[in-house]
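Asker: To start, I am sharing the structure in question, which I have written as structure tokens.
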Amino acid sequence: MSPHFFLSEWACSLCHFDIDKGEQVVLVASKPSTLVYTSRQRKHSCPSHSCADCRAAPRGFPYHLHCHQLYETIQHGKSQASRASIDALCQLGQALLPILPVAQPSSPDIALQLLKRSFHRHTLAKLSTCHAIKTEHNLIHLLSSLPTEILSEFIAPRIIPSQLQYALPILGETDHLLQRLRQWPALDFSLCCQGAVFATQTQFGKRYYITNLSAEESKDSFLVKSRHASCNFVLVWLDHLGITHIEFQESIRIESPRRNSEWVYAVELTEKKIYVKSKGVFLERVTSSSESLGQIIWDCSYLPLGFHPNNLPNVRSADPYSDVVLHYVPMDSVTGISVASCPSGLLAIVSHTAAHHPTYEETYMDAVWTYCPLTNDKVKEVWWTHCDTLRSALIIRTEQKEVWLGCSLPQRRDLECTQIASSSLSALYYTDFDTSPHTYVVGAVPALDEQSLAVPALPIYQTVPYYGLRVSDLSYSEAPLSGVVRAQLCMDGGFCIGLVLQYESCSRSVGQFRYDKDISEWFQQPSTIGIVLKEEGERRKFTLQANIRFDAPGPTGIGSSEGDQTESVYSMTGVLVWWYKDKVTDIRIRPS
């Protein structure tokens with residue numbers, strides 16, 4: 177069981193690199209001083225903002241195991257951390273925050289207040305007073321005071337196989353960056369773009385960051401726009417620290433992927449002038465207005481070259497000062513599409529190809545993935561349906577079937593159904609649920625000019641879920657059993673969580689079918705299906721899981737019944753109805 181801490185983000189408070197899924201970490205709470213060894217599970221596993229116990233728990237500071245071991249090595253090789261060393265470790269992470277000004281730092285309220293705006297002499301003076309930057313616990317001071325033998329024999333072996341090979345260069349630059357911060361003015365300024373534009377940059381960790389833009393060439397600057405080049409747009413690449421790359425263009429097209437960045441956005445130059453906002457050494461935002469208006473920001477992961485990032489007629493933020501973060505989902509030559517949802521809304525969309533199954537995005541703990549196979553089945557229309565709450569679903573119409581992907585939806589008058597794509601579909605996009613929870617949009621590229629008159633009707637649910645389960649908490653799927661040519665099982669923890677049924681002309685999926693789980697071999701020409709439902713736990717706190725087998729040649733040991741559970745065997749006729757959510761499966765077979 178994961179511990180309960182109030183945690184801002186899964187990033188190491190010492191080296192500030194991300195903590196990956198499954199990675200061992202040390203969670204530190206300074207009131208009272210405690211150490212908890214655990215591992216990160218999912219993005220929204222505890223500690224989590226969605227957990228009431230975590231929100232009420234003491235503030236926690238996560239550390240990579242190697243980062244904590246490094247600190248303990250410096251502290252005379254202590255195997256058990258004392259309260260003083262725990263407090264010093266927390267102070268050290270807070271002291272380094274000015275050099276790594278992340279959006280939501282893990283720090284006490286006083287540090288948040290000090291670090292909100294750009295850094296200058298007055299801010300640093302306050303920071304030096306409030307935090308132990310120059311005490312004996314300062315990491316740079318401790319490292320510089322160690323003999324060479326200790327550095328080479330005790331610390332170096334820990335650095336080589338870990339993320340500390342990147343962390344120590346960052347920490348080694350701390351003093352250099354602090355010196356620059358003391359001399360650096362607050363950089364909120366405007367810049368004319370009619371002439372040449374030069375930039376300066378600094379390397380921090382594994383990336384280079386833009387530190388200034390100017391019309392004048394300086395010793396360490398480089399040219400980003402020539403004097404006579406015409407420009408109507410600015411493309412800006414960035415991550416959570418600052419701007420990593422900038423391009424001035426006459427027409428807005430992404431011609432370089434910049435995979436070392438996380439996001440990109442475009443600025444239209446209406447006045448031939450840009451406005452620059454900084455947060456310390458790093459540049460935070462480039463805009464076309466002195467007002468800090470929100471931007472349409474794209475995740476760089478799958479953006480194609482030549483993409484036009486601003487041609488989105490249906491993307492509007494409820495708050496003009498808030499960003500809208502979008503994910504791009506390519507739909508060319510796909511073999512399937514998967515949608516993650518929970519009762520709160522649609523969380524993620526990924527597409528599959530014959531050569532590549534993407535890594536499933538990290539989502540909420542109760543997220544459910546629904547898969548729609550599309551091999552030899554061309555998409556004709558895509559619809560997005562939603563109501564006044566965030567509950568929504570994606571509807572895929574192909575030449576052979578109509579599939580609802582997402583949580584079940586109530587029969588309500590305020591339910592809206594909007595066609596977003598036709599057969600010319602090349603990509604989907606959707607807003608990031610975590611960063612834009614109140615501006616949720618699903619759209620398509622190219623944008624649709626004319627809608628079909630055949631609006632999909634809400635599915636008629638063939639069964640009622642098992643007693644104690646609510647329709648609003650579940651996802652629904654169904655598929656005919658007659659005409660199945662072959663079937664494939666998706667297994668998780670010894671239980672079947674979903675199936676793919678292949679027919680002569682198309683394929684259908686029921687339950688959760690995920691390629692990051694155990695996928696069986698194909699069962700050819702099945703004539704019967706055997707189902708065992710197993711209930712565990714107390715009323716209202718139970719799991720309902722399934723074992724399934726087909727009477728066809730296939731892998732042994734999959735879908736076998738256990739204990740005194742009774743297997744129900746059916747012929748391959750009727751309709752297989754599958755209600756499901758995380759760790760809950762309810763399967764029924766209804767007459768056709």
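Taking my numbering as reference, the numbering of the sequence shown is continuous, increasing by one, and the terminal residue is 768. Backbone N, C-alpha and C define an ideal beta-carbon position, used for all residues, glycine too.
Determine whether the beta carbon atoms of F424 and A405 lie at a separation below 8 Å.
Answerer: The residue you call residue 424 lines up with position 248 of the sequence shown. The residue you call residue 405 lines up with position 229 of the sequence shown. It is a contact, given that the beta carbons lie within the stated cut-off.
Asker: Would you grab the beta carbon distance between P519 and C583 for me? Rounded to a whole angstrom, and I think it's under 8 Å.
Answerer: The residue given as residue 519 occupies position 343 in the sequence shown. The residue given as residue 583 occupies position 407 in the sequence shown. Contact flag correct, Cβ pair sits at about 6 Å.
Asker: Is it the case that the Cβ atoms of V452 and I422 are separated by a distance below 8 Å?
Answerer: On the sequence shown, residue 452 is found 276 positions in, with the first residue counted as 1. On the sequence shown, residue 422 is found 246 positions in, with the first residue counted as 1. No, the pair does not count as a contact, with Cβ atoms beyond the cut-off.
Asker: For a test of the three-state rule: what should DSSP assign to D495, helix, strand or coil?
Answerer: Here residue 495 refers to the residue found at position 319 of the sequence shown. Reduced to three states, the DSSP call for D495 is coil.
Asker: Tell me the rounded alpha-carbon separation between P632 and C407.
Answerer: Here residue 632 is taken as the residue at index 456 of the sequence shown, counted from 1. Here residue 407 is taken as the residue at index 231 of the sequence shown, counted from 1. So the two alpha carbons sit approximately 45 Å from each other.
Asker: I need the DSSP call for A569, collapsed to helix, strand or coil.
Answerer: Numbered from its first residue, the sequence shown carries residue 569 at position 393. DSSP places A569 in strand when its eight states are reduced to three.
Asker: If you measure from the CB of K453, is any heavy atom of the ligand ZN nearer than 7 Å?
Answerer: The ligand ZN is absent from the structure shown, which contains no ligands of any kind.
Asker: Using the C-alpha atoms, what's the distance from E467 back to K449?
Answerer: Position 273 of the sequence shown, counted from the first residue, corresponds to residue 449. Position 291 of the sequence shown, counted from the first residue, corresponds to residue 467. The alpha-carbon atoms of K449 and E467 are separated by roughly 13 Å.
Asker: Along the chain, which unbroken stretches of the beta strand (DSSP E) at least 3 residues long are found entirely within the segment 674-723?
Answerer: Segments of the beta strand (DSSP E) lying fully in the segment 674-723: 683-687 and 704-714.
Asker: When you compare only the Cα positions, how much space is there between K757 and V751?
Answerer: Counting from one through the sequence shown, the residue named residue 757 turns up at place 581. Counting from one through the sequence shown, the residue named residue 751 turns up at place 575. Their backbone Cα atoms lie some 20 Å apart in a straight line.
Asker: Taking the alpha carbon of R383 as the reference point, which residue from K395, T420, F374 and G371 has its own alpha carbon closest?
Answerer: Working through the sequence shown from its first residue, we reach residue 383 at position 207. Comparing Cα positions, the closest option is T420.
Asker: Note down the Cα distance separating P345 from I525, rounded to an integer number of angstroms.
Answerer: Along the sequence shown, one-based indexing puts residue 345 at 169. Along the sequence shown, one-based indexing puts residue 525 at 349. Any reading at P345 must be qualified, since the residue scores a pLDDT of 37, below 50, and its modelled position is unreliable; the value itself is stated next. Near 37 Å, if we compare the C-alpha coordinates of I525 and P345.
Asker: Can you list, in chain order, the residues of its chain whose CB lies under 8 Å from that of P506, leaving out five sequence neighbours each side?
Answerer: To locate residue 506, count along the sequence shown from 1; it is residue 330. So the list reads Y478, P480, S527, S602 and A603, once near-sequence residues are dropped.
Asker: Over the uninterrupted beta strand (DSSP E) stretch that includes A655, give me the two end residues.
Answerer: Your numbering for residue 655 matches position 479 in the sequence shown. Element bounds for A655: S651 to P656.
Asker: Rounded to the nearest angstrom, how far is the Cβ of Y616 from that of G470, given a contact under 8 Å?
Answerer: Within the sequence shown, the letter at position 440 stands for residue 616. Within the sequence shown, the letter at position 294 stands for residue 470. Actually they do not touch by this definition, with Cβ atoms about 15 Å apart.
Asker: If you draw a straight line from the C-alpha of T446 to the C-alpha of S464, how long is it?
Answerer: Translated into positions along the sequence shown, residue 446 becomes position 270. Translated into positions along the sequence shown, residue 464 becomes position 288. Answer to the nearest angstrom: the Cα atoms are 7 Å apart.
Asker: Is the beta carbon of V660 sitting closer than 8 Å to the one on Y679?
Answerer: On the sequence shown, position 484 is the one that residue 660 refers to. On the sequence shown, position 503 is the one that residue 679 refers to. For V660 and Y679, yes; Cβs fall inside 8 Å.
Asker: Can you find the residues in the same chain that come closer than 7 Å, C-beta to C-beta, to T749, ignoring five residues on each side of it along the sequence?
Answerer: As a first step, residue 749 is located in the sequence shown; it is residue number 573 there, counting from the start. Cβ neighbours of T749 beyond the five flanking positions: L657, S658 and S768.
Asker: Alpha carbon to alpha carbon, what distance is there between T387 and K759?
Answerer: Working through the sequence shown from its first residue, we reach residue 759 at position 583. Working through the sequence shown from its first residue, we reach residue 387 at position 211. Spanning the two alpha carbons is a distance of roughly 49 Å.
Asker: Buried or exposed: which applies to S427, given that a residue is buried once 16 or more other Cβ atoms fall within 10 Å of its Cβ?
Answerer: Taking the first residue of the sequence shown as 1, we reach residue 427 at position 251. The residue in question, S427, is exposed, as its Cβ has fewer than 16 Cβ neighbours within 10 Å.
Asker: Buried or exposed: V640, going by 16 or more other Cβ atoms within 10 Å of its Cβ?
Answerer: Within the sequence shown, numbered from 1, the residue matching residue 640 stands at position 464. By the neighbour-count rule (16 or more Cβ atoms within 10 Å), V640 is not buried but exposed.
Asker: For H562, which residues from the same chain have a beta carbon less than 7 Å from its beta carbon, with the 5 sequence-adjacent residues on both sides left out?
Answerer: Locating residue 562 in the sequence shown gives position 386, counting from the first residue. Result list for H562: S568 and E592, in chain order.
Asker: Quick one: Cα of V686 to Cα of S517, how far?
Answerer: In the sequence shown, counting from the first residue as 1, residue 686 sits at position 510. In the sequence shown, counting from the first residue as 1, residue 517 sits at position 341. Computed Cα separation, rounded: 15 Å.
Asker: From Y746 to I765, what distance separates their C-alpha atoms?
Answerer: For this step, residue 746 is matched to residue 570 along the sequence shown. For this step, residue 765 is matched to residue 589 along the sequence shown. If you take the alpha carbons of Y746 and I765, they lie about 8 Å apart.
Asker: Hey, quick one: how far does the alpha helix (DSSP H) through D229 stretch, first residue to last?
Answerer: In the sequence shown, counting from the first residue as 1, residue 229 sits at position 53. Where D229 is concerned, the enclosing alpha helix (DSSP H) stretches over A228 to R231.
Asker: Measure the CB-CB distance between T594 and L502 and report whether it falls below 8 Å.
Answerer: Counted from its first residue, the sequence shown places residue 594 at position 418. Counted from its first residue, the sequence shown places residue 502 at position 326. No, the Cβ-Cβ distance between T594 and L502 is not below 8 Å.
Asker: Taking its Cβ as the centre, do 16 or more other Cβ atoms sit within 10 Å of T704, making it buried, or is it exposed?
Answerer: Working through the sequence shown from its first residue, we reach residue 704 at position 528. Looking at its Cβ environment, which holds fewer than 16 other Cβ atoms inside 10 Å, T704 is exposed.
Asker: How many Å lie between T535 and P622 at the Cα?
Answerer: Counting from 1 along the sequence shown, the entry for residue 535 is found at position 359. Counting from 1 along the sequence shown, the entry for residue 622 is found at position 446. Between T535 and P622, the C-alpha separation is close to 25 Å.
Asker: Quick one: residues in its chain with C-beta nearer than 7 Å to the C-beta of E329, no 5 flanking neighbours on either side, listed in chain order?
Answerer: As a first step, residue 329 is located in the sequence shown; it is residue number 153 there, counting from the start. The pLDDT assigned to E329 is 44, lower than 50, so where the model puts this residue is not dependable; a value taken from the coordinates is nonetheless given after this. Counting only Cβ-Cβ distances below 7 Å, and skipping sequence neighbours, we find nothing.
Asker: Note down, in chain order, each residue of its chain lying with its Cβ closer than 6 Å to the Cβ of V618, except the 5 sequence neighbours on either side.
Answerer: Residue 618 sits at position 442 when you count from the first residue of the sequence shown. If we look at V618 and ignore the five residues flanking it on each side, its Cβ neighbours are W560 and Y606.
Asker: In terms of alpha-carbon separation, which member of Y637, L665 and S681 lies closest to K120?
Answerer: The structure shown has nothing for residue 120, since the chain only spans 177 to 768.
Asker: For the segment 370-450, list the beta strand (DSSP E) runs that are entirely contained and at least 3 residues long, ordered along the chain.
Answerer: DSSP runs (the beta strand (DSSP E)) wholly in the segment 370-450: 373-380, 383-390, 398-401, 409-414, 419-425 and 439-444.
Asker: Could you check what DSSP says for V647 in three-state terms: helix, strand or coil?
Answerer: Numbered from 1 along the sequence shown, position 471 holds the residue referred to as residue 647. V647 falls in the helix class under three-state DSSP.
Asker: Per DSSP, G619 is paired with what?
Answerer: The residue given as residue 619 occupies position 443 in the sequence shown. Answer by DSSP bridge pairing, in chain order: Y605.
Asker: So which of Q370, L417 and G418 has the shortest CA-CA distance to V400?
Answerer: On the sequence shown, residue 400 is found 224 positions in, with the first residue counted as 1. Ranking the options by Cα distance to V400, first place goes to Q370.
Asker: Could you work out which residue in C368, F671, S397 and T551 is closest to L375 when comparing CA atoms only?
Answerer: As a first step, residue 375 must be located in the sequence shown, where it is residue number 199. The question names Leu, but residue 375 in the sequence shown is Ala. Looking at the Cα atoms, S397 is the closest of the given residues.
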